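Per this note's numbering: the sequence shown = residues 2 to 232.
Glycine is no exception: its CB is placed at the ideal position from the N, C-alpha and C atoms.
All values reported here derive from a predicted model rather than from experimental measurement.
What follows is a short report on a single structure.
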Amino acid sequence: MKGALIVIDGGDGSGKATQARMLLDYCKKHIVPFAYLDFPQYDKFFGKLVGTYLRGELGELKAVSPYLAALPFALDRFSQRKAIQREIDAGKLVIANRYVTSNIAYQAARFDKPEEAKDQEHLIAWIEELEYRFLQLPKENLVVYLHVDPTIAKQLTLKKNGRSYLNGKKEDIHEKSHTYRDSVNKLYEKLYKRYDHWEKIECTKNGTIRSKEEILEEIIAILKEKKYISI
């Protein structure tokens, strides 16, 4: 079976890490060759700078240009470019928790007013050129987009255990503003509708979060339908 890059993406609190871990367990159980990537890599050189930004130590969200904010996220991925390509070439299912798509969603969401539509499109194109063409990161084969209503997602985020990159804080600067969360959610929806290789999973039902097992079953069904796995 040919290698493929599968991205698990979605807003904060959507359960990406949980689903990625469960998918890894599935691959182990069914002897599917796989590799796993978790971005940002907060313990690595550029990932540490990402953490500094997310803690607000470079300024609050509106004080940092989205073009500048996008760079450390992109360079963090670039540090793994050769490894990603090597695993794909080896025929593995490469599973990434966040990827280029997250950078696009979170930074382009800063331009959320109707009169900023051109600015938003320019930034989307710029990040794609930066990561895919200039840094030559492999293009993902599939994005599994986990959608959770922003209000529910915020509640889930606040329940998370302490995250090392926050140094004791409960939320980072991307998570603090409900308005910004809504803008990010809208941007993810826009990307999902734009790109044919995106698949959406609705993670809530009747105002409550669906079981993680049920969501995983839907992810597996998509991977089988797309022939990325056969068992």
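Counting along the chain, where does the alpha helix (DSSP H) carrying LEU72 start and finish?
67 to 79
GLY12 to ILE32 span [Cα, whole Å]:
30 Å
Which stretch, first to last residue, makes up the beta strand (DSSP E) that contains PHE35?
35 to 39
Looking at chain B, is there any beta carbon in it that lies within less than 8 Å of the beta carbon of PHE47?
In the displayed structure, chain B is absent; only one protein chain is listed.
Considering only residues of the same chain and omitting the five flanking positions on each side of TYR107, which have a CB-CB separation below 7 Å?
HIS175, VAL185
Enumerate, from N- to C-terminal direction, the unbroken alpha helix (DSSP H) stretches of 4 or more residues contained entirely within the segment 90 to 164.
101 to 109, 118 to 129, 151 to 159
Would the segment 139 to 159 count as touching the segment 188 to 198 if we require 3 or more Cβ pairs under 8 Å?
yes
Identity of the residues DSSP links to ASP10 by a beta bridge:
TYR146
With a CB to CB cut of under 8 Å and the five nearest residues on each side skipped, what residues in its chain are close to TYR133?
VAL101, LYS140
Opposite LYS206 in the DSSP bridges: which residues?
THR209
Just to confirm, are ALA36 and LYS93 a CB contact at a threshold of 8 Å?
yes
Hey, would you say ARG182 sits closer than 8 Å to ALA154, going by beta carbons?
yes
Kindly indicate which three-state DSSP category LYS201 falls into: helix, strand or coil?
strand
Whole-angstrom C-beta distance between VAL51 and ASP77, which should lie under 8 Å
6 Å
Which residue or residues does DSSP assign as beta-bridge partners of ALA21?
Its beta-bridge partners do not exist; DSSP assigns none.
Can you tell me the Cβ-Cβ gap for LEU136 and TYR68, rounded? I've got them flagged as a contact below 8 Å.
With 8 Å as the limit, LEU136 and TYR68 do not qualify as a contact, their Cβ atoms being about 15 Å apart.
Name the one or two DSSP bridge partners that ALA5 has.
LEU94
Spatial distance of ILE89 from ILE7 (CA atoms):
10 Å
Please report the Cβ distance between ILE9 and ASN98, rounded to the nearest whole angstrom; I am assuming they are in contact, meaning their Cβ atoms lie under 8 Å.
5 Å
Thinking C-alpha only, which one of ALA109, GLU117, GLY14, LYS119 is nearest ILE128?
ALA109
Please confirm whether ILE220 and LEU24 have their CB atoms less than 8 Å apart.
yes
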